[in-house]
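Participant: Following this message is one structure expressed as structure tokens.
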Amino acid sequence: DVKVTQSSRYLVKRTGEKVFLECVQDMDHENMFWYRQDPGLGLRLIYFSYDVKMKEKGDIPEGYSVSREKKERFSLILESASTNQTSMYLCASRVDSSPLHFGNGTRLTVT
Amino acid sequence: SQQGEEDPQALSIQEGENATMNCSYKTSINNLQWYRQNSGRGLVHLILIRSNEREKHSGRLRVTLDTSKKSSSLLITASRAADTASYFCATPPDSSYKLIFGSGTRLLVRP
Chain G
558 DVKVTQSSRY LVKRTGEKVF LECVQDMDHE NMFWYRQDPG LGLRLIYFSY DVKMKEKGDI
618 PEGYSVSREK KERFSLILES ASTNQTSMYL CASRVDSSPL HFGNGTRLTV T
Chain F
6 SQQGEEDPQA LSIQEGENAT MNCSYKTSIN NLQWYRQNSG RGLVHLILIR SNEREKHSGR
66 LRVTLDTSKK SSSLLITASR AADTASYFCA TPPDSSYKLI FGSGTRLLVR P
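From first to last, the protein sequence lines are chains G and F.
Position one of the first sequence corresponds to residue 558 (my numbering), numbered consecutively onward.
Position one of the second sequence corresponds to residue 6 (my numbering), numbered consecutively onward.
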């Protein structure tokens with residue numbers, strides 16, 4: 558079974574802090590994704606990566622950046638956290654156009 | 006704007022009853038996927054239906070797709086309390102790499 562692991566289930570950060578959310582998958586998937594999930598808004602795509610060092614903006618990339626130095630790891634970076642980035646963050650991976658495999662999410666609170 | 010919109014937003018039924026959730030989308034697609042999310046967890050893929058298929062079954066799940074109406078439905082038969090979760094449809098618009106999710110249907114199955 559594919560395993561997608563997000564490093565933290567819960568995270569509390571202060572406004573202005575630089576925040577790193579880490580995601581690791583163990584199935585050699587080329588494609589990795591970061592979504593955020595907010596009540597009533599569903600899942601919105603922040604960034605995705607289709608190969609090492611390759612990335613593309615999703616629908617809401619503002620305030621975020623990503624890093625993919627190794628195939629199995631995809632990091633989401635909040636350069637200067639703000640309260641409107643309080644959310645559930647979901648990482649996912651897949652090969653080609655197969656269904657997504659999700660991690661269990663990181664619930665981030667920015668105070 | 007969201008590609009997929011689920012209807013209803015919330016559904017409460019008695020154990021043993023059937024649950025039907027609907028999804029509408031806007032652009033042409035080559036497949037449509039349904040996912041389930043237990044409270045506070047990541048999403049789990051349930052079933053994928055391709056654009057040339059009209060109906061697909063998996064255990065107690067039945068999915069239909071009507072490309073002329075740009076809509077899909079998910080039927081869960083003989084529901085159980087353990088089916089309580091949120092259900093999302095997701096589509097890759099115009100065969101793109103992205104998966105666009107709707108805001109989901111919250112299903113409550115009362116014992």
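The C-beta atom is built at its ideal place from N, Cα and C for all residues, glycine as well.
Since the model is a prediction, treat every value here as computed from it, not as a measurement.
Which residues in the same chain have their Cβ closer than 8 Å to the Cβ of T668/G, if we skip the five residues on either side of it in sequence?
Facilitator: Within the first sequence, numbered from 1, the residue matching residue 668/G stands at position 111. Cβ neighbours of T668/G beyond the five flanking positions: V569, K570, R571, T572, T640.
Participant: Below 9 Å between beta carbons: does that hold for C648/G and L578/G?
Facilitator: Residue mapping note: residue 648/G aligns to position 91 of the first sequence, counting from 1. Residue mapping note: residue 578/G aligns to position 21 of the first sequence, counting from 1. Yes.
Participant: If I'm right that N57/F touches P97/F with Cβ under 8 Å, what's the distance once you round it to whole angstroms?
Facilitator: Within the second sequence, the letter at position 52 stands for residue 57/F. Within the second sequence, the letter at position 92 stands for residue 97/F. Contact flag wrong, Cβ pair sits at about 15 Å.
Participant: What did DSSP end up calling Q14/F once you bin it into helix, strand or coil?
Facilitator: As a first step, residue 14/F must be located in the second sequence, where it is residue number 9. Note: Q14/F maps to coil in three-state DSSP.
Participant: Please report the straight-line C-alpha distance between S6/F and Y607/G, rounded to a whole angstrom.
Facilitator: For the purposes of this step, residue 6/F is identified with residue 1 of the second sequence, where counting begins at 1. For the purposes of this step, residue 607/G is identified with residue 50 of the first sequence, where counting begins at 1. At S6/F, the pLDDT of 35 sits below 50, so the modelled position is not reliable and the matter cannot be decided from this model.
Participant: Determine the extent of the beta strand (DSSP E) in which N36/F is found, giving its start and end residues.
Facilitator: The count along the second sequence starts at 1 and reaches residue 36/F at position 31. Run containing N36/F: 36-42, per the beta strand (DSSP E) assignment.
Participant: List the residues of chain F whose Cβ lies closer than 7 Å to the Cβ of P656/G, in chain order.
Facilitator: Reading the first sequence from its first residue, position 99 is the one you call residue 656/G. Result: Q38, H50, L53.
Participant: Over what stretch of residues does the beta strand (DSSP E) that includes S624/G continue unbroken?
Facilitator: Taking the first residue of the first sequence as position 1, residue 624/G is located at position 67. It spans 621-627 - the beta strand (DSSP E) in which S624/G sits, taken as one unbroken run.
Participant: Tell me, which residues are paired with L586/G by DSSP?
Facilitator: Within the first sequence, numbered from 1, the residue matching residue 586/G stands at position 29. The amino acid occupying residue 586/G in the given sequence is His; Leu does not appear at that position. H586/G pairs with nothing; no bridge assigned.
Participant: At least one CB of chain F closer than 9 Å to the CB of E649/G: is that the case?
Facilitator: As a first step, residue 649/G is located in the first sequence; it is residue number 92 there, counting from the start. Residue identity differs from the one stated: residue 649/G is Ala in this sequence, not Glu. It does: the Cβ of A649/G has a partner Cβ on chain F nearer than 9 Å.
Participant: Mind checking if V667/G is an interface residue toward chain F, Cβ cutoff 9 Å exclusive?
Facilitator: Reading the first sequence from its first residue, position 110 is the one you call residue 667/G. Chain F contact via Cβ: absent.
Participant: Taking DSSP as the reference, what is the three-state secondary structure of T25/F?
Facilitator: Mapped onto the second sequence, residue 25/F falls at position 20. Residue state, collapsed to three classes: strand.
Participant: I think R41/F touches V49/F, with their Cβ atoms under 8 Å apart; what is that distance to the nearest whole Å?
Facilitator: Position 36 of the second sequence, counted from the start, is the residue given in the question as residue 41/F. Position 44 of the second sequence, counted from the start, is the residue given in the question as residue 49/F. Correct: roughly 5 Å between the Cβ atoms.
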